[in-house]
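Novice: Respectively, the protein sequence lines represent chains A, B and C. The opening position of the first sequence corresponds to residue 2 in our numbering, with each subsequent residue numbered one higher. The opening position of the second sequence corresponds to residue 10 in our numbering, with each subsequent residue numbered one higher. The opening position of the third sequence corresponds to residue 8 in our numbering, with each subsequent residue numbered one higher. Ideal Cβ positions, reconstructed from N, Cα and C, are used throughout, including at glycine. Source: prediction; values computed, not measured. Quick one: the structure is below, and I'll ask about it shortly.
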Amino acid sequence: MLLQQLINGITLGSTYALIALGYTMVYGIIALINFAHGEIFMAGAFAGLFMVTVLKINIFLSLILSMVFCMIMGVVIERIAYRPLRKSSRLSALISAIGVSIFLSTLALMVFGADAKGFPDNTIPLIQIKLGPAEISSLQLLILGISAFLMMALEFIVRKTKIGKAMRATSQDYHTASLMGVNVNRVISVTFALGSSLAAAGGVLVGILYNSVSFNMGLMAGLKAFAAAVLGGIGSIPGAMFGGIFLGVAEVMGVAAGYSSYRDAIAFAILVLVLLIKPTGLFGQKIQKKV
Amino acid sequence: MSLLRMEDVSIRFGGLLAVYNVNLSVQPGEIHSLIGPNGAGKSTIFNLITGIYKPSEGHIYFDEKRIEGKKPYHIAALGIARTFQNIHLFNDLTVLDNVLIGAHTSGKWDLTGSLLKFTPWVRSDERKLKFLAMESLEAMELTDKTNELAKNLPYGEQRRLEIARALAVKPKLLLLDEPAAGMNPHEKQVLMEMVKIIRGKGITIFLVEHDMKFVMGISDQIAVLDYGVKIAEGLSEEIRTNPKVIEAYLGKGAVH
Amino acid sequence: MVEMMQNLIDQIDPYTLQILMNIGIAIIMALGLNLITGVTGQLSLGHAAFMSIGAFTSAILSIHYNLPFSLNLLVAGLTAAFIGALIGFPILRLTGDYLAIATLGFAEILKVIFLNLNITNKALGLSVPPPNTDIPMPFVIFFVALVTIIFMSFIHNSRFGRSLMAIREDEIAAEAMGINATRYKLQAFAVGSFLAGVGGGLYAHVIAYINPSDFGFMKSIDILNMVVLGGLGSIPGAILGASVLASAPEFLRFMQQYRMLVYGALLVFLMVFRPNGLLGGVNFTRLVLKIIGKNKPARAAK
Chain A
2 MLLQQLINGI
12 TLGSTYALIA
22 LGYTMVYGII
32 ALINFAHGEI
42 FMAGAFAGLF
52 MVTVLKINIF
62 LSLILSMVFC
72 MIMGVVIERI
82 AYRPLRKSSR
92 LSALISAIGV
102 SIFLSTLALM
112 VFGADAKGFP
122 DNTIPLIQIK
132 LGPAEISSLQ
142 LLILGISAFL
152 MMALEFIVRK
162 TKIGKAMRAT
172 SQDYHTASLM
182 GVNVNRVISV
192 TFALGSSLAA
202 AGGVLVGILY
212 NSVSFNMGLM
222 AGLKAFAAAV
232 LGGIGSIPGA
242 MFGGIFLGVA
252 EVMGVAAGYS
262 SYRDAIAFAI
272 LVLVLLIKPT
282 GLFGQKIQKK
292 V
Chain B
10 MSLLRMEDVS
20 IRFGGLLAVY
30 NVNLSVQPGE
40 IHSLIGPNGA
50 GKSTIFNLIT
60 GIYKPSEGHI
70 YFDEKRIEGK
80 KPYHIAALGI
90 ARTFQNIHLF
100 NDLTVLDNVL
110 IGAHTSGKWD
120 LTGSLLKFTP
130 WVRSDERKLK
140 FLAMESLEAM
150 ELTDKTNELA
160 KNLPYGEQRR
170 LEIARALAVK
180 PKLLLLDEPA
190 AGMNPHEKQV
200 LMEMVKIIRG
210 KGITIFLVEH
220 DMKFVMGISD
230 QIAVLDYGVK
240 IAEGLSEEIR
250 TNPKVIEAYL
260 GKGAVH
Chain C
8 MVEMMQNLID
18 QIDPYTLQIL
28 MNIGIAIIMA
38 LGLNLITGVT
48 GQLSLGHAAF
58 MSIGAFTSAI
68 LSIHYNLPFS
78 LNLLVAGLTA
88 AFIGALIGFP
98 ILRLTGDYLA
108 IATLGFAEIL
118 KVIFLNLNIT
128 NKALGLSVPP
138 PNTDIPMPFV
148 IFFVALVTII
158 FMSFIHNSRF
168 GRSLMAIRED
178 EIAAEAMGIN
188 ATRYKLQAFA
198 VGSFLAGVGG
208 GLYAHVIAYI
218 NPSDFGFMKS
228 IDILNMVVLG
238 GLGSIPGAIL
248 GASVLASAPE
258 FLRFMQQYRM
268 LVYGALLVFL
278 MVFRPNGLLG
288 GVNFTRLVLK
298 IIGKNKPARA
308 AK
């Protein structure tokens, strides 16, 4: 029973982690809470759905194409709505992000309607695999596998490539990095591209997992993923992964323990508690204020 | 009896010992300077006195009362005001507002005062603060700038506004962190006179400064800090010729 | 007197009156948040939570006890202020975006709690009886809004208000001037929550039906938009922002389903071209002085 909940929790949590990574990377570099990120997740889900149901494309190819689609979308949004505001107060950029979020969810409502849509039943052949007393479905395995693969790919890009090095430098010190010849604009675009593509993957996977895609799925998922990023220590990539999985497990356990009507409060209660004990999140670094 | 006394004060940041076993005392009415190379821990000492940091060991006495570990706002209310090395003005407020905020501890009406704004009590409170503020601005020759935004002042005037704001606290002890930094020789000369006038009003001054000419021309006592340790203390002339000080500034071998 | 008011109100068409009442409530909400975020500089993403506390307190009082409406509103405001202070006490130690996310978290938790309580009638919400007062509702709202505006302008030019602005500008320097930042932040938070509570009480009785889901994240964002759009920290700005955004849905009604689309795009557009808000950087005292010719000419920028 516990093992079963743990499997379900980790599966849900890994999708939170995929979204949380985008929040944490963007925040790490330009200190913006990108509230439109949840809508990218939603857009990813719809893009995947559209390709599978209308264009009849294979699910795996759809997943990749949806990631590419959101990648472009993320970069374009940054260009239009955030880049002009880079020198303004951070609150202006935050409001701009909220504007984008409202725009995108309304657009989805108009294009796809208010009802939740589902993926066709045969998108992923459903096989239950016995795992001792628990079961893991082929779908869950797939979600875990894809999430793990994407996170490792991200870790590789950030640690081993030249652009990853530039990203780390920029997140350490934006101005020094630009003085050292790092093309900050390019780094920011790449950050948005990577974060958005991960959110898109999360969107498609969640859409299949719950068999439901709707225009307002981005808001709560986005808020929870952001909570996960803060929980892990915003700006920290391993922190976001851990935070997402932790919140996913906590939520599933809470529901299993009979608190299903408090489902959406669980993530936030944990977040607030952690912040009160460790104000910079679990893996966040304390910044010594220069006086 | 000293106004300010530090007894065996040390502070550690992680493994780094930033200030080690410092003993220092500032007598009432004097101008006391703290000098030393970059990173010697001078600003850290100011931050210890004003309660931004808490010493790992040792005690700090002000007016014979222990103040280490007390909150910064509490220490300010006791009569210690300061300026900052990298200017910390309230940038988007006017010069007058900056100094009125400096006078904060002399007022007493809070939230209820806003409700009772036009009652005689609150008005006399406000008048008192305004008077104090204008007095401080006068001392620093900034009265013609009252309605400017702090951020629009030229650099030298920003430094002076910081001192005016600290004066409005009505301090017994004024801590000046590199007050002459970035000023031209003429401005420095003017500042030196102003500092002397402030001392003339009975305010004790403890200052950190890099400009030796400034320090030598103004100080009664000079303490020298190097790598967080006090290496010398005395009158200007003694410091100027102290081999340890020369070594700290110019490196080993310079004495010969 | 009351009859006169009623006569006056009968002259205005109900639709316009509804919009005016929405604007009045929005002004109260926006000024409360402006004190917290604009004046004191503490970003709150959960202001709607305090509105919901006031709305439900006020509604429950109207349903179960026949208090005079003025007393009812006062209790609603005080309850919100009390809970605001209770929540503020631990979380106001957090700074910047951490504070923002903690306020957001608290608001979401509170919403879920209200969705589960019997006294708030869970997800079904409450029908609110008419307020226990002879004075017509529009006048009550305008009066409260007016008092709020006056009170806020008093605060701006007082020792209390200056302390709040000092905290916004530079907390370290503020403390070095003897300002107990935690205490003042808490007071600002409590006053802002009080106004949200009063605004919530008025809202509950105007709309006559309230549901915990009405006070979610998007409602908090709506209020924040009013403050930022007008210009953070500016009273005329908050009033303008509240007036524009509270009436915008009506003016944009002809666009039907495109309304929210335009709203979202407009937010981005406004921020890109006017990042400090519509009235950001406009100093009204100085503007007035200039108009009546009392101001010295502004020094040329260097």
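Taking DSSP's pairing of strands, which residues face H212(C) in a bridge?
Specialist: Bridge partners of H212(C): none, in fact.
Novice: Buried or exposed: A149(A), going by 16 or more other Cβ atoms within 10 Å of its Cβ?
Specialist: A149(A) is exposed by the Cβ-count criterion.
Novice: Please say whether G45(C) and S245(C) have beta carbons closer to each other than 8 Å?
Specialist: Just to set this straight, residue 245(C) is Ala in the shown sequence, not Ser. For A245(C) and G45(C), yes; Cβs fall inside 8 Å.
Novice: Please list, in chain order, the residues of the stretch 92-112 of chain B that have any C-beta partner in chain C closer than 8 Å.
Specialist: If the cut-off is 8 Å between Cβ atoms, the stretch 92-112 of chain B has F93, H97, L98, F99, N100, D101, L102, D106, L109, I110 and G111 near chain C.
Novice: Indicate whether the contact test is met: 3 or more Cβ pairs, each with one atom in the stretch 147-157 of chain C and one in the stretch 227-235 of chain C, closer than 8 Å.
Specialist: No: the two stretches stay apart, fewer than three of their Cβ pairs being nearer than 8 Å.
Novice: Could you check whether the Cβ of V178(B) sits closer than 8 Å to any Cβ belonging to chain C?
Specialist: Cβ-Cβ to chain C under 8 Å: yes for V178(B).
Novice: I think S197(A) touches M26(A), with their Cβ atoms under 8 Å apart; what is that distance to the nearest whole Å?
Specialist: With a Cβ gap of about 10 Å, S197(A) and M26(A) do not count as contacting.
Novice: On the DSSP bridge assignment, give the partners of K63(B) in chain order.
Specialist: According to DSSP, K63(B) bridges with nothing at all.
Novice: Of the residues that make up the stretch 273-285 of chain C, which ones have a beta carbon closer than 7 Å to any beta carbon in chain B?
Specialist: Cβ contacts with chain B come from no residue of the stretch 273-285 of chain C.
Novice: Using 8 Å as the limit for Cβ to Cβ distance, is Y272(B) near chain C?
Specialist: This structure leaves residue 272(B) out entirely; chain B is present only between 10 and 265.
Novice: Whole angstroms are fine: how far does the CA of A27(B) sit from the CA of G45(B)?
Specialist: Rounded to the nearest angstrom, the two C-alpha atoms are 13 Å apart.
Novice: In chain A, what lies closer than 9 Å to Q264(C) by C-beta?
Specialist: In chain order: T107, L110 and M111.
Novice: Taking DSSP as the reference, what is the three-state secondary structure of N193(B)?
Specialist: If DSSP states are grouped into helix, strand and coil, N193(B) belongs with coil.
Novice: Excluding the 5 residues flanking A173(C) on each side, which residues of the same chain have their C-beta closer than 8 Å to its C-beta?
Specialist: Same-chain partners within the cutoff: A180, A181, M184 and I186.
Novice: Along the stretch 26-50 of chain A, where does the CB come closer than 7 Å to a CB of chain C? Name the residues.
Specialist: So the list reads I34, given in the order they occur along the chain.
Novice: Between the C-alpha atoms of S51(C) and T110(C), what's the straight-line distance to the nearest angstrom?
Specialist: Roughly 6 Å between the two C-alpha positions.
Novice: Assuming I267(A) is part of the beta strand (DSSP E), what are its boundary residues?
Specialist: Unbroken run through I267(A) is the alpha helix (DSSP H), R264 to I278; no beta strand (DSSP E).
Novice: Tell me where the alpha helix (DSSP H) around S172(A) begins and ends.
Specialist: Taken as a continuous stretch (DSSP letters only), the alpha helix (DSSP H) holding S172(A) covers K163 to Q173.
Novice: In the DSSP output, which residue or residues are listed as bridge partners for H346(B)?
Specialist: The first residue shown for chain B is 10 and the last is 265, placing residue 346(B) beyond what the model contains.
Novice: How about the stretch 116-123 of chain C and the stretch 55-66 of chain C: do they share at least three Cβ pairs that are nearer than 8 Å?
Specialist: Contact between the stretch 116-123 of chain C and the stretch 55-66 of chain C is present, because at least three Cβ pairs lie under 8 Å.
Novice: Would you say F113(C) faces chain A, with C-beta separation under 8 Å as the test?
Specialist: Answer yes: the Cβ-Cβ gap between F113(C) and chain A drops below 8 Å somewhere.
Novice: Need the endpoints of the alpha helix (DSSP H) that Y22(C) sits in, please.
Specialist: Per DSSP, Y22(C) belongs to the alpha helix (DSSP H) from P21 to L40.
Novice: G45(B) CB to nearest chain C CB: under 8 Å?
Specialist: Not one chain C Cβ lies under 8 Å of G45(B).
Novice: Would A268(A) and K225(A) be called neighbours here (beta carbons separated by less than 8 Å)?
Specialist: Yes, these two residues count as a Cβ contact at 8 Å.
Novice: Got a sec: is the Cβ-Cβ distance from E182(C) to anything in chain B below 8 Å?
Specialist: E182(C) counts as touching chain B.
Novice: For E150(B), name the three-state secondary structure that DSSP assigns.
Specialist: Coil at E150(B), not helix or strand.
Novice: How far does the alpha helix (DSSP H) with L234(B) in it extend, from its first residue to its last?
Specialist: Element bounds for L234(B): not the alpha helix (DSSP H) but the beta strand (DSSP E), Q230 to D235.
Novice: Using 10 angstroms around the beta-carbon of K239(B), count the other beta-carbons present and answer buried if the total reaches 16, otherwise exposed.
Specialist: Classification of K239(B): buried, given that the 10 Å Cβ count is 16 or more.
Novice: Is the Cβ of L276(A) closer than 8 Å to any Cβ of chain C?
Specialist: It does: the Cβ of L276(A) has a partner Cβ on chain C nearer than 8 Å.
Novice: Pull up the CB-CB distance for I235(A) and A251(A), whole angstroms please, since I reckon it's below 8 Å.
Specialist: Incorrect: roughly 19 Å between the Cβ atoms, too far for contact.
Novice: F224(C) versus chain A: which residues are under 8 Å apart at the beta carbon?
Specialist: Those are L220 and L224, listed as they occur along chain A.
Novice: Give me the Cα-Cα distance between S254(C) and I242(C), rounded to the nearest whole angstrom.
Specialist: For S254(C) and I242(C), the distance between alpha carbons rounds to 18 Å.
Novice: Would you kindly report the start and end of the unbroken beta strand (DSSP E) that includes N30(B)?
Specialist: That run of the beta strand (DSSP E) goes L25 to V35.
Novice: Can you check which of these residues, N100(B), W130(B) and K139(B), is closest to L158(B) by C-alpha distance?
Specialist: Taking only the C-alpha atoms, the option nearest L158(B) is N100(B).
Novice: Using the Cα positions of R91(A) and P121(A), report the straight-line distance between them to the nearest angstrom.
Specialist: For R91(A) and P121(A), the distance between alpha carbons rounds to 42 Å.
Novice: Have a look at A2(B) and I248(B) and give me their C-alpha separation to the nearest angstrom.
Specialist: In the structure as shown, chain B begins at 10 and stops at 265. Residue 2(B) is therefore absent and cannot be evaluated.
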